[in-house]
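In what follows, a single structure is set out as structure tokens and then discussed.
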Amino acid sequence: MRARAFTSRRGQALVETALGSMVFVTILLFGIYFAEVGALSLKVQEAANFALWEATGHVMHNPQNGVFQRSNAEALGASEAAGRYQDFDGRSGQNSGAMTFQQALARATRIQVDCEPTRPAGSPVNILGTRPQDASTAETGALAQAMDIQSEGMSCTAFTTLRAERLGNFMEPEFFKVSHRRATDPFRVCAAGRASGGRCNGRFFMLLDDWGLSSVAEGRECPLMIDSGGTCANVDYYGWAQSVYQKNGGGGGAGSALMAGVGATGGVNEDQFFMSFRGAESNYEQSIGGSHAGNQTVWETTPFVADNLSPTYRNDGRRNKWLGGVPH
């Protein structure tokens, strides 16, 4: 009788262990799956933001042609992001040719990056700040005419489709009344927000191009050139200023009107454009009195000579750095 009772207790423990193991293994597998879903979802968000920041590294404007906020920057950024993140890594593109990415349990399709050269749909126009057409005067609109703004900015999203693999339907429906497979159905993961009808409508947005002069060439000085037919070393700055001048009507013809009024004639081209400025290359400094930087008497962009500044900012030339030699 004692042996029979002991055997019964051992059988109960075995059943409880088996049941507990099934529950534990189920929790363990889904824990691994959800952890992988979380990690892959972050990579989807990272891909969309990478495209935005990558676009800022491309040429934003071409003042010689009057083109600003070039729309091809978003296409280049999206292409680079899609190539780097197709394997969910991002450090370097590994083109294996596979259409899916498999981890222990989670399987994902390639990350798709979608960028548009515009602000997100439904967003107010005032997020764009003051645009050239807003700053132009009603009389001429010269600034807007001189600047062909190709895009409002850049908005991006990224998405992938995730599902679980290697989670079977063991003991369904005899033991488990609710199928595990329902929790492993494919679903769309979006970089921003949730999918609606299989589409990712949420997007990240960034303004592009501050219309500033940024490259090494756009930081050069521009000595005065009279009757030479040329511009100067800083052709972008010169061309941009000349375009605004011409769109404003040039010289305006006041001198010709005055000469015509007195019956005189002249061959001076009133619309001829002149522009010059001197920078650090010519050691140009103008005394403005002690007013800044420890009562310095000159105002100049870096690099320049100032006794109370560190040698890093001293005038040893621009060294072909568009920030004027500022360490970065």
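Read in this note's numbering, the sequence shown has 262 at position 279, and its numbers run on one by one without any break.
By construction, the Cβ of each residue, glycine as well, lies at the ideal position given by its N, Cα and C atoms.
Which full runs of the alpha helix (DSSP H) of 4+ residues lie inside the segment 34 to 102, going along the chain?
Counting only runs of 4 or more, we get 55 to 67.
By the 10 Å Cβ neighbour count, where 16 or more other Cβ atoms means buried, how is G40 classified, buried or exposed?
With fewer than 16 other CB atoms across the displayed protein chains lying within 10 angstroms of its CB, G40 is exposed.
Anticipated Cβ contact below 8 Å, L12 with L88, distance rounded:
Right, the Cβ-Cβ distance comes to about 7 Å (below 8 Å), so this counts as a contact.
Closest by C-alpha distance to F51, when choosing among R171, A(-4), G180, Q133
Selected option, being the one with the closest Cα: Q133.
Cα separation between Y68 and I94?
Going from the Cα of Y68 to the Cα of I94 covers about 6 Å.
Specify whether the segment 139 to 150 and the segment 15 to 35 touch according to this definition: at least 3 beta carbon pairs, one from each stretch, less than 8 Å apart.
Touching, yes.
Let me check one thing: in DSSP terms, what residues is T144 bridge-paired to?
According to DSSP, residue pairing for T144 in a beta bridge involves R171.
Go through its chain and collect everything with a Cβ distance to Q47's Cβ below 7 Å, but skip five positions before and after it.
Non-local C-beta neighbours of Q47 in its own chain, meaning closer than 7 Å and more than five positions away in sequence, comprise V218, D219, G222, ordered along the chain.
By the 10 Å Cβ neighbour count, where 16 or more other Cβ atoms means buried, how is V245 classified, buried or exposed?
V245 counts as exposed, since fewer than 16 other C-beta atoms from the protein chains shown sit within 10 angstroms of its C-beta.
Considering Cα atoms alone, identify which of S226, E29, A91 is closest to D168.
Looking at the Cα atoms, A91 is the closest of the given residues.
Sort out for me which residues DSSP pairs D131 with in a bridge.
Its beta-bridge partners are V50.
Cβ neighbours of F392 in the same chain (closer than 6 Å, five flanking residues each side left out):
Residue 392 lies beyond the stretch modelled for the chain, which goes from -16 to 311, so this question has no answer here.
Contacting residues, own chain, Cβ-Cβ under 8 Å from G73 (five flanking each side not counted):
Around G73: K26, E29, A30, F33, R67.
Give me the residue from V(-2), L(-3), V108 with the minimum Cα distance to L190.
Put simply, of V(-2), L(-3), V108 the residue whose alpha carbon is nearest the alpha carbon of L190 is V108.
Which residues in the same chain have their Cβ closer than 6 Å to the Cβ of W96, if we skip the five residues on either side of it in sequence?
Here the sequence assigns Val to residue 96, which means Trp is not the residue at that position. The beta carbon of V96 sits closer than 6 Å to those of A30, A34, A61, A64, A65, A141, all from its chain and outside the five residues before and after it, given in chain order.
Kindly indicate which three-state DSSP category S24 falls into: helix, strand or coil?
The answer is helix: DSSP assigns S24 an H, G or I state.
Start and end residues, alpha helix (DSSP H) containing M189:
Looking at the DSSP string, M189 is not in any alpha helix (DSSP H); the run it does join, the beta strand (DSSP E), is 187 to 189.
Contacts around L111, its chain only, beta-carbon distance under 8 Å, and the 5 residues preceding and following it disregarded:
Contacts found: R102, E135, G136, L190.
Rounded to whole angstroms, what is the Cα-Cα separation between V(-2) and M5?
CA-to-CA, the gap between V(-2) and M5 works out to about 11 Å.
Note down the Cα distance separating C139 from A56, rounded to an integer number of angstroms.
CA-CA distance, C139 to A56, rounds to 12 Å.
Going by C-alpha distance, which of A104, F170, C215 is nearest E201?
The residue with the shortest Cα to Cα distance from E201 is C215.
Tell me whether S226 sits in a helix, a strand or coil according to DSSP, three-state version.
For S226, the three-state secondary structure derived from DSSP is helix.
Nearest-angstrom Cα separation, counted from Q(-5) out to N184
Using only the alpha carbons, I get a separation of about 54 Å.
Give the C-beta separation of M130 and G233 to the nearest angstrom, bearing in mind that I take them to be a contact with Cβ-Cβ under 8 Å.
Contact check for M130 and G233: beta-carbon distance about 18 Å, past the 8 Å limit, so the pair fails to qualify.
Quick check on the DSSP output: the alpha helix (DSSP H) that includes A237 runs from which residue to which?
Annotation: the continuous alpha helix (DSSP H) that includes A237 extends over 237 to 244.
Quick one: Cα of A125 to Cα of R186, how far?
Using only the alpha carbons, I get a separation of about 34 Å.
Cα separation between T0 and V20?
One Cα belongs to T0, the other to V20, and the distance between them is close to 30 Å.
DSSP state of M137 mapped onto helix, strand, coil
Here M137 sits in strand by DSSP.
Straight-line CA distance for A38 to L59?
L59 has its alpha-carbon roughly 7 Å from the corresponding atom of A38.
Are K230 and Q116 touching if we call contact CB-CB under 8 Å?
Taking 8 Å as the Cβ cut-off, K230 and Q116 do not qualify as a contacting pair.
Could you name the residues that DSSP lists as bridge partners for R177?
Answer by DSSP bridge pairing: none, since R177 is not bridged.
Suppose you measure from the CA of T113 to the CA of D193; what does that come to, to the nearest Å?
In a straight line, the C-alpha of T113 is about 11 Å away from that of D193.
For F256, three-class secondary structure by DSSP
Looking at F256 - three-state DSSP - the assignment turns out to be coil, as it is neither helix nor strand.
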